[in-house]
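Per this note's numbering, residue 467 is the first one in the sequence shown, and the count goes up by one each step. We treat Cβ as the ideally placed atom computed from N, Cα and C, and that holds for glycine. In this text, all values refer to a predicted model and were calculated from it rather than measured experimentally. The block underneath contains the structure these notes are about, expressed in structure tokens.
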Amino acid sequence: MFIFLIQGCASVEKLQSEAWLKSQSNNFTLYSTLNETENKSILENLEAFRTLINLTNKDNNTRDFPTNIYVMSKDEASLFGISKNIGGYFDNNLDKNIIYLRYYRKTEQMISTILHEYVHYIHVQSEASFPRWFEEGTAEYLSGVEISNDKLILGTIQKGRLAWLGYEKWLPAKDIINPSEMTDWKSTDLSMFYAQSWLITFYLNNRELSQDQSNQPSTLIKHLLLKCKGIMTLLNYQHTTKNIPRIKTLKAGLFLKMGIMVIHMD
467 MFIFLIQGCA
477 SVEKLQSEAW
487 LKSQSNNFTL
497 YSTLNETENK
507 SILENLEAFR
517 TLINLTNKDN
527 NTRDFPTNIY
537 VMSKDEASLF
547 GISKNIGGYF
557 DNNLDKNIIY
567 LRYYRKTEQM
577 ISTILHEYVH
587 YIHVQSEASF
597 PRWFEEGTAE
607 YLSGVEISND
617 KLILGTIQKG
627 RLAWLGYEKW
637 LPAKDIINPS
647 EMTDWKSTDL
657 SMFYAQSWLI
667 TFYLNNRELS
677 QDQSNQPSTL
687 IKHLLLKCKG
697 IMTLLNYQHT
707 TKNIPRIKTL
717 KAGLFLKMGI
727 MVIHMD
């Protein structure tokens, strides 16, 4: 299977010589050079995430569509265009999804990257058009994971994105709401786009909702989109010493207990 996928790569012989381990769950197939325990942990968490998506979104089409995941070393990943600034990417084929992933020492980081790419697939399946900030912000938000005591916790603070917000210059609100062609953007601007998109999504998912909004998902989504521009204007400020406490508020976890999803891995 794997040899067929990479047929024509310059370093195919090296990839063929690796001792690849294939592990399967109901909806995911994982190919890696990790051990069986690590593979099992990744698959269990992915199945838990997929179950949550199916429970909360009755219209999704992910139920019977398989996903293959390939975890590769740094050198192997470079054959697929995965550099140090890219954790992986998603390929939606006719009969299956394929996720190419660079190996990380921490399992949480690998799961986070996979979830980010899988959220993009869910967006595609919805057959709706979303703003770029919403797609990337949601993918970043849902891929903020912690694994502890057989629990998968989603929606936690993305520490890397938070760090960017603390020391890099923020993009103007117009570049978040209606970005130009992003292929010409500098890597620092792209990273800040992800960071600010994550922050706005994190904020929207962790603020208190009025009683009439809490049980109306469609109304809530419209409300969030309408309010987005105003909230981005509120959050779009240049960092000075007096502005740092707002970042510290996030670090202190004052928003953390709202909008966090915990899945028990029984």
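{"Asked": "Distance between ALA605 and GLU583 (C-alpha atoms, nearest Å)", "Found": "7 angstroms"}
{"Asked": "C-alpha distance - LEU581 paired with LYS635, whole-angstrom precision", "Found": "28 angstroms"}
{"Asked": "Which of helix, strand or coil DSSP assigns to GLU612", "Found": "strand"}
{"Asked": "Endpoints, the beta strand (DSSP E) within which TYR497 is located", "Found": "494-498"}
{"Asked": "Rounded Cβ spacing between GLY621 and TRP664 (contact assumed at less than 8 angstroms)", "Found": "11 angstroms between Cβ atoms; not a contact."}
{"Asked": "Close Cβ partners of LEU701 (< 6 angstroms) along its chain, the five nearest in sequence each way excluded", "Found": "Confidence at LEU701 is low in this model, with a pLDDT of 44, below 50, so its placement is unreliable and the value that follows should be read with caution. So the list is empty, once near-sequence residues are dropped."}
{"Asked": "Cβ neighbour criterion (16 or more within 10 Å) applied to THR667", "Found": "buried"}
{"Asked": "Unbroken beta strand (DSSP E) run spanning LEU567, endpoints", "Found": "563-568"}
{"Asked": "Close Cβ partners of ASN492 (< 8 angstroms) along its chain, the five nearest in sequence each way excluded", "Found": "GLU513"}
{"Asked": "For LEU620, the three-state DSSP class (helix, strand or coil)", "Found": "strand"}
{"Asked": "Segment contact flag, the segment 530-538 with the segment 629-643, C-beta cutoff 8 angstroms, min 3 pairs", "Found": "no"}
{"Asked": "Cβ-based neighbour list, LEU637, same chain, cut-off 7 angstroms, excluding 5 preceding and 5 following", "Found": "ASP655, MET658, PHE659, GLN662"}
{"Asked": "Spatial distance of LYS640 from MET648 (CA atoms)", "Found": "13 angstroms"}
{"Asked": "Buried or exposed (CB count within 10 angstroms, at least 16 for buried), TYR633", "Found": "exposed"}
{"Asked": "Own chain residues within Cβ distance below 8 angstroms of HIS586, not counting five before or after", "Found": "PHE556, GLU601, ALA605"}
{"Asked": "SER489, DSSP secondary structure in three states", "Found": "strand"}
{"Asked": "Residue from THR517, PHE494, HIS589, LEU518 whose Cα sits closest to the Cα of ILE508", "Found": "PHE494"}
{"Asked": "Classification of SER653 by the beta-carbon crowding that lies within 10 angstroms, buried from 16 upward", "Found": "exposed"}
{"Asked": "Member of GLN575, GLN591, ILE519, LEU518 whose CA lies at the smallest distance from the CA of LYS562", "Found": "GLN591"}
{"Asked": "Where the alpha helix (DSSP H) containing ASN671 begins and where it ends", "Found": "653-672"}
{"Asked": "PHE531 (DSSP reduced to helix, strand or coil)", "Found": "coil"}
{"Asked": "Opening and closing residue of the alpha helix (DSSP H) in which GLU583 lies", "Found": "573-591"}
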